[in-house]
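Residue numbers (my numbering): 1 to 103.
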């Protein structure tokens, strides 16, 4: 089990953080001694227990690239690329843009 230190940002919820890191609200609450998991605040640093840390591979978009082509090249789904990069329109990427790929 590894621990990631995360600084809570405005709008974060423990549920959302847990989903992003693939853990549970209960595990985060337990590791941080949080009696009320719904009471976190911006700027608070929390420990997040994770099973395995796989750093993302960074890909720089080249002219002519599409998310579909990138997804096929690295064997990841287009949806995974969208979710991990906060991209709302799959047709709007541009040369020079950095994209995180969790392979």
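The C-beta atom is built at its ideal place from N, Cα and C for all residues, glycine as well. Fair warning: this is a prediction, and the values are worked out from it, not measured in the lab.
Burial check for residue 81: the Cβ neighbour count within 10 Å reaches 16 or more, so the residue is buried. Residue 41 and residue 64 have their C-alpha atoms roughly 42 Å apart.
Within the DSSP bridge table, the entry for residue 58 names 100 as partners.
In the structure shown, the three-state DSSP call for residue 48 is strand. Annotation: the continuous alpha helix (DSSP H) that includes residue 31 extends over 25-32.
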